[in-house]
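Note sheet for the following structure.
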Amino acid sequence: MAATALALECHPEGPLVPRPRQLDKSATFQRALSNLTTTLDAAFEGKIRAGFDTQNTSLSFGIVSFDQSETDIPIWEYHHLSSENVNGTKSINRQSQYLIGSISKAITDAILLRSGINVDDPVTKYLPSLAGDKSLIQWENITLGALAGQVAGVVPNYGFSEYYYLKDYFESLGFPHIDNSSYPECGVIGLNGQCSREQLLEGMLTSRPIAPPETRPVYSNVAFTLLMYAVEAQTGKNYTDLVRELSTALNMPSTRPSPGDDALAVIPPMANTWGSDYGDNAPGGGLVSTLADLSSFMHAILSKSPALAPPTRIRAWLKPHVFSGSPSTAVGSPWEIFRPPPSILFPTHNASDPTSAGRTVTILSKDGAAYGYHARIALLDEYGLGLAVLSAGDPGALGPVLDAAYSVVVPAVDAAARELAEARYAGVFVGDGRGNNATFVADGQGLRLVGLGRDGRDVLAALGEVWRVTVGGFLPPEVGGTSGVYRAYPAEVERESTRDGGRRVVEEDWRFGWGIEAGGLETDLPGRGISDGDCRNWALADWMYYGGQPLDRLVFVRDGETEEVVGLEVPFLRTGMMRRVEGV
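If you count the sequence shown from 1, position 474 lands on 474 in the UniProt record's numbering, and the numbers rise without skipping.
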C-alpha cells in the first residue's frame, strides 16, 4: 500500500488539472464557503468552542481567485468587529486598516522583484560601508537575494531584541550586573531611540553571523531594512515612495508605512502598537494594509500580472529557496512554505485508491505580527487561490480560523477543479476515417488517458512495449516497467491560432506521465525499499520521440470564445484534430 501511495504522489509539480475558473459559479465551492461562514458565525456567537477570546477579537478574512475581476475582489469575505473595541472604526469592511507585521516583508520583496535589480548582486555593491575586514560578517558574500530570502545568516534585529526594562528582573534571576554602556547605542526599548541609518550600518559591523550565507534559513528583520537601503541607493527613492509606487500599480491605496488612519483602523481593546512609527524597521514589519489591498496583492501574484513583474520572474519568486529542517516546510523569498500530509487536508482520501481525492498541496504563506495584531496571507498557486486573514486582539485567533478554512476550502477547490476538468476534457475524441480515437476519464488524481488507438491498433499497449525496448533498456532494473496508467497533466503552455476558416482557438499542451513501477529487486541487503519513494518521473518528460514528435505530448484545442474543448491532437500519431464526440 505504501508503494502505491508514493506512486500516486509522483506527479509533476503544479496543477494536476487546470486551475478552476469562475469559482463564483461552482456549486461545490460556494457550498463550502457557505459552510465556512456558518462555522465562523457559530464560533463568534459562542455556539461552538473557538479556542480563542472571541469577545476581544476582530478579524477580516477574504478569499481571492486568480481569474476574478480586479474590480471586485475578494470573491468571499468575512468580518467580525469586537464589541469591546473603543477606538477606531465602528463599521468593519474590506477597507478597514490593520497592522500587518511581517507581511510587510512580502511587499518589500515585491518591490525588489519589480525594480529589476539583480538579486545576485552583493549588498556591498549598494552599501559599501559594510565592506572590508572590520566586520565580523563577510557582507561581500551576501547577495540581495539572500537578504530577501532569509538565508543571509545575519542577526534578526539590532537593539530591539534587548529588554532593558527587564534588566533588574534578569539580575534577580542571577544574571550579572551590567552597565548601560553594554547595550547597543540605539534601538533598545526603554533606553535609547530608534537607530539611524548610520547607526544601524555601524552596528552591523560588530554583529556576529548566525550561519554562513545560503546555509539555512535565519529569520531576520534587519535583512529587509538593509535590502531597502540597497534599493533606495540604486533608485534614489525612499521606502515610502517605493511602497506608494507598488501600491499604485497594484491597486493597494491603503498600504503604507505605519501610522495609518485612526478613523479606519481596527484597534483592539488590549495593549497594541497601532499608530507607531516604525522608521527604518518598516520594510520588515511596519506596514498598514487592508483586506482589499492584500486581496489585490495576492491577485496580482496569482494572475502573474505584468504590473507586478514579468510572469517568469513571478513564478521564480514563488519557489522554495531552502529547506527548513522539517520534511513538510521550506522557506522562500520570504515565503513560509508548508505542505501538510494529504490525510490532513483530505481526511476521506484512501491512499491505495487512485480514484479517491487527496494530494500534497503547497501553501505559500507569509505571517505577520505586531503587538495586538496577527495576519497572514496564503497562496495555493496550483489552484489559483489566495487567502488573507487580518486579526486584531487575541493573537491565537488566526491559527484556528485559517486551519478551519483550509479544511473546508482546499477539498472544495480541488473538487471544483476536477469537476471542471471532467466536464471539459473527459470523453471520447474521434478522428476522420482512420480509426483514430482517444478516451479520457477523470478521477481523484486528475485526467487519465484510458484509450488511444490508430487504425484499430491499441497504442497504449504499444507504448509499454516502446518503453521496454528504448528507455527501459538503460534505466537501472529497480525502476521497473510502466504501470499501464497514463495520467495527463496540463503543461501550462498555450498558443492562439485560427482554424476552420478563421475560427480563433487556443492550443493547450498537456503531457502524460509514464506511471513507472518499482522493479522490486530481490536482495538480502539491508535497507530494501528505502529508495522506492524517490520520485524521478520529472526526468522523463519529452524523453522519447517518433519522427520528431515527443511520445508524451497531447494538445487539446479550445474554442477561443467559449473556452469549450472542441478537439484533441496527438502529434506523434499524426492524427490531425480529433473531434470530441462524447463526454464521460
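Ideal Cβ positions, reconstructed from N, Cα and C, are used throughout, including at glycine.
Small disclaimer: the values here were computed from a predicted structure and weren't measured.
Residue nearest to residue i in terms of C-alpha spacing, selected from the options
i: Pro-268; options: Tyr-278, Pro-490, Asn-85 and Gln-97; result: Asn-85
i: Ile-142; options: Glu-214, Arg-359 and Asp-509; result: Glu-214
i: Ser-83; options: Ile-92, Ile-75 and Trp-76; result: Ile-92
i: Asp-262; options: Ser-254, Gly-464 and Gly-275; result: Gly-275
i: Gln-95; options: Leu-59, Gly-46 and Ile-111; result: Leu-59
i: Thr-290; options: Leu-147, Ala-388, Thr-124 and Gly-560; result: Ala-388
i: Val-459; options: Gly-446, Arg-468, Asn-437 and Gly-444; result: Asn-437
i: Gly-190; options: Gly-101, Asn-35, Tyr-164 and His-299; result: Tyr-164
i: Gly-560; options: Asp-443, Met-544, Ser-305 and Arg-503; result: Arg-503
i: Asp-293; options: Ser-497, Ser-254, Ile-377 and Met-270; result: Ser-254
i: Val-485; options: Val-471, Ala-461, Gly-284 and Asn-192; result: Ala-461
i: Leu-16; options: Gly-513, Val-430 and Pro-550; result: Gly-513
i: Gly-88; options: Cys-10, Val-155 and Leu-264; result: Leu-264
i: Gly-286; options: Gln-549, Phe-429, Arg-339 and Val-222; result: Val-222
i: Tyr-183; options: Asp-403, Gly-236 and Leu-166; result: Leu-166
i: Gly-145; options: Ala-110, Phe-170 and Pro-340; result: Ala-110
i: Thr-362; options: Pro-327, Pro-347 and Gly-529; result: Pro-327
i: Ser-531; options: Glu-517, Asp-542 and His-79; result: Glu-517
i: Thr-562; options: Trp-538, Gly-533, Gly-527 and Val-505; result: Val-505
i: Met-544; options: Asp-277, Glu-185 and Glu-465; result: Glu-465
i: Trp-467; options: Ser-483, Gly-529, Gly-46 and Asp-41; result: Ser-483
Exposure of residue i, with buried meaning 16 or more beta-carbon neighbours within 10 Å
i: Asp-500; result: exposed
i: Arg-448; result: buried
i: Ser-161; result: exposed
i: Glu-490; result: According to the sequence shown, residue 490 is Pro rather than Glu. Under this definition Pro-490 is a buried residue.
i: Ser-365; result: buried
i: residue 596; result: For residue 596 there is no data in the structure shown, the boundaries of the chain being 1 and 584.
i: Phe-297; result: buried
i: residue 592; result: The question about residue 592 has no answer here: the residues shown for the chain are numbered 1 through 584.
i: Ala-5; result: For Ala-5, the predicted structure reports a pLDDT of 42, less than 50, and the residue's modelled location is therefore unreliable. The matter cannot be settled from this model.
i: Ala-32; result: buried
i: Asp-432; result: exposed
i: Leu-36; result: buried
i: Phe-429; result: buried
i: Ser-497; result: exposed
i: Ala-7; result: Confidence at Ala-7 is low in this model, with a pLDDT of 49, below 50, so its placement is unreliable and the value that follows should be read with caution. Buried: at least 16 other Cβ atoms inside 10 Å.
i: Tyr-169; result: exposed
i: Arg-536; result: exposed
i: Val-469; result: exposed
i: Phe-346; result: buried
i: Ser-102; result: buried
i: residue 635; result: Since the first residue shown for the chain is 1 and the last is 584, residue 635 is missing from the structure and cannot be characterised.
i: Arg-553; result: buried
Nonlocal neighbours in the same chain, by C-beta distance under 6 Å from residue i, ignoring five residues either side
i: Ala-2; result: Summary for Ala-2: the model assigns pLDDT 41, below 50, so the residue's position carries little reliability, and this model does not support an answer.
i: Arg-21; result: Asp-67
i: Ser-135; result: Leu-205
i: Arg-424; result: Val-565
i: Leu-420; result: Pro-20
i: His-299; result: Val-64 and Ile-73
i: Thr-124; result: Leu-130, Ala-131, Trp-139 and Glu-140
i: Gln-549; result: Pro-571 and Phe-572
i: Asn-272; result: Tyr-371 and Gly-372
i: Val-450; result: Thr-439 and Val-441
i: Pro-12; result: Tyr-489
i: Thr-71; result: none
Nonlocal neighbours in the same chain, by C-beta distance under 8 Å from residue i, ignoring five residues either side
i: Gln-234; result: Ser-115, Ile-117 and Tyr-126
i: Arg-580; result: Gly-427, Val-428, Phe-429, Val-565, Val-566, Gly-567 and Leu-568
i: Ser-104; result: Phe-224, Ala-282, Pro-283, Gly-284, Gly-285, Gly-286, Leu-287 and Gly-368
Cβ neighbours of residue i in the same chain (closer than 7 Å, five flanking residues each side left out)
i: Gly-260; result: Gln-97 and Val-288
i: Ala-43; result: Ala-50 and Thr-54
i: Asn-157; result: Asn-221 and Val-222
Closer than 7 Å: residue i CB and nearest the ligand ATP heavy atom
i: Val-493; result: As far as ligands go, the structure on display features none, and thus does not contain the ligand ATP.
Interface flag, residue i vs chain D, CB-CB below 8 Å
i: Met-578; result: The structure shown contains no chain D; it is built from a single protein chain.
Any contact of the region 21 to 32 with the region 403 to 419, i.e. 3+ C-beta pairs under 8 Å? Using a C-beta cut-off of 8 Å, the region 21 to 32 makes contact with the region 403 to 419, since at least three inter-stretch Cβ pairs fall below that distance.
Could you give the uninterrupted runs of the beta strand (DSSP E) lying entirely in the region 526 to 583, keeping only those of 3 residues or more? 553 to 559, 565 to 569 and 578 to 582
Between the region 176 to 186 and the region 239 to 252, do at least 3 Cβ pairs fall closer than 8 Å? Contact annotation: the region 176 to 186 does not touch the region 239 to 252, with fewer than three C-beta pairs closer than 8 Å.
Minimum length 4: unbroken alpha helix (DSSP H) runs contained in the region 217 to 245: 222 to 235
Completely contained beta strand (DSSP E) runs for the region 413 to 478, where each covers 3 or more residues: 427 to 430, 437 to 443 and 446 to 454
I want to know whether the region 49 to 57 touches the region 373 to 382 - three or more CB-CB distances under 8 Å. no
Decide if the region 119 to 133 is in contact with the region 193 to 213; the criterion is three or more beta carbon pairs, one per stretch, under 8 Å apart. yes
In chain order, which continuous runs of the alpha helix (DSSP H) of length 4 or greater are located wholly inside the region 133 to 188? Those alpha helix (DSSP H) runs which fall completely within the region 133 to 188 and span 4+ residues are 144 to 148 and 167 to 172.
Segment contact, 8 Å Cβ cut-off, at least three pairs: the region 140 to 155 with the region 331 to 342: Judged by Cβ distances under 8 Å, the region 140 to 155 makes contact with the region 331 to 342, as three or more pairs qualify.
In chain order, which continuous runs of the beta strand (DSSP E) of length 3 or greater are located wholly inside the region 264 to 318? Those beta strand (DSSP E) runs which fall completely within the region 264 to 318 and span 3+ residues are 287 to 290.
Every unbroken alpha helix (DSSP H) inside the region 69 to 130 [4 residues or more]: 103 to 115
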